[in-house]
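**Q** Last residue of the sequence shown: number 648 in the working numbering, and the count goes up by one each step with no gaps.
Can you read through this structure? Questions will come right after.
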Amino acid sequence: AFLLYCLTIRSKEASSIATMKLSLAIAFSALAGTASAFAPASSSAASVTALRMSEEPTATAEETPIMIEEPATPSLPAKSQSMPFMARPAALDGTLAGDVGFDPLGFAKTKEDLLNYREAEVKHARLAMLAAAGWPLSE
Numbered sequence: 510a511f512l513l514y515c516l517t518i519r520s521k522e523a524s525s526i527a528t529m530k531l532s533l534a535i536a537f538s539a540l541a542g543t544a545s546a547f548a549p550a551s552s553s554a555a556s557v558t559a560l561r562m563s564e565e566p567t568a569t570a571e572e573t574p575i576m577i578e579e580p581a582t583p584s585l586p587a588k589s590q591s592m593p594f595m596a597r598p599a600a601l602d603g604t605l606a607g608d609v610g611f612d613p614l615g616f617a618k619t620k621e622d623l624l625n626y627r628e629a630e631v632k633h634a635r636l637a638m639l640a641a642a643g644w645p646l647s648e
């Protein structure tokens, strides 16, 4: 009876190992299929036709001069975009990324103050990120 019990356990282990191998083979084949999405296309005919947009002969650079127009500077609104009931601060002229005129307490009186506050904010944000990463490590 003990020998029969050992044989049934080994057959169950063998079937579970076969099932595991089959599931791994299916998973790896699925991953190999998705990896082709990141490979460059190898058809040369598509790249040649993509370069030609029209059948008309192209003009040389000497025949048609290229005119470069200066972009028009947009006029700044009188009210703040972030808080429409307040006047736009003078130091926030829209040159910085994300500048929508948010300075409700009027800290940035000049451009130099604005740049100093911006640098201090970046330094404090970096220190806060380090502290947030270090706090769980100290526990």
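All C-beta atoms in this analysis are idealised placements derived from N, C-alpha and C, irrespective of residue type, glycine included.
If you scan the segment 612-637 from start to end, which runs of the beta strand (DSSP E) of 3 or more residues do you find wholly inside it?
**A** List check, beta strand (DSSP E) in window: nothing returned.
**Q** Pick helix, strand or coil for A536, following the three-state DSSP scheme.
**A** The count along the sequence shown starts at 1 and reaches residue 536 at position 27. Correct three-state label for A536: helix.
**Q** If you draw a straight line from the C-alpha of G530 to the C-alpha of A536, how long is it?
**A** The sequence position of residue 530 within the sequence shown is 21, counting from 1. The sequence position of residue 536 within the sequence shown is 27, counting from 1. This sequence places Lys at residue 530; Gly is not what is there. Looking at the two C-alpha atoms, the distance is approximately 10 Å.
**Q** Kindly identify the DSSP beta-bridge partner or partners of A596.
**A** What you label residue 596 is simply residue 87 of the sequence shown in a count that begins at 1. Answer by DSSP bridge pairing, in chain order: K588.
**Q** Do the segment 618-638 and the segment 593-608 meet, that is, are 3 or more Cβ pairs less than 8 Å apart?
**A** With a cut-off of 8 Å, the segment 593-608 and the segment 618-638 count as touching, because enough Cβ pairs lie within range.
**Q** According to DSSP, is A541 helix, strand or coil?
**A** Against the sequence shown, residue 541 aligns to sequence position 32. Looking at A541 - three-state DSSP - the assignment turns out to be helix.
**Q** Take A587 as the anchor and find which of L614, G610, E628, I577 has the nearest alpha-carbon.
**A** As a position in the sequence shown, residue 587 is number 78, starting the count at 1. Here the closest residue by C-alpha is G610.
**Q** To the nearest angstrom, report how far apart E630 and S647 are at their CA atoms.
**A** Here residue 630 corresponds to residue number 121 of the sequence shown, with the count starting at 1. Here residue 647 corresponds to residue number 138 of the sequence shown, with the count starting at 1. Approximately 25 Å between the Cα atoms of the pair.
**Q** Expressed to the nearest angstrom, what Euclidean distance is found between the alpha-carbon atoms of A541 and L533?
**A** What you label residue 541 is simply residue 32 of the sequence shown in a count that begins at 1. What you label residue 533 is simply residue 24 of the sequence shown in a count that begins at 1. Those two C-alpha atoms are separated by around 12 Å.
**Q** Out of A606, G607, D612, S584, state which residue places its alpha-carbon closest to the alpha-carbon of R597.
**A** In the sequence shown, the residue the question calls residue 597 occupies position 88. Closest by alpha carbon: D612.
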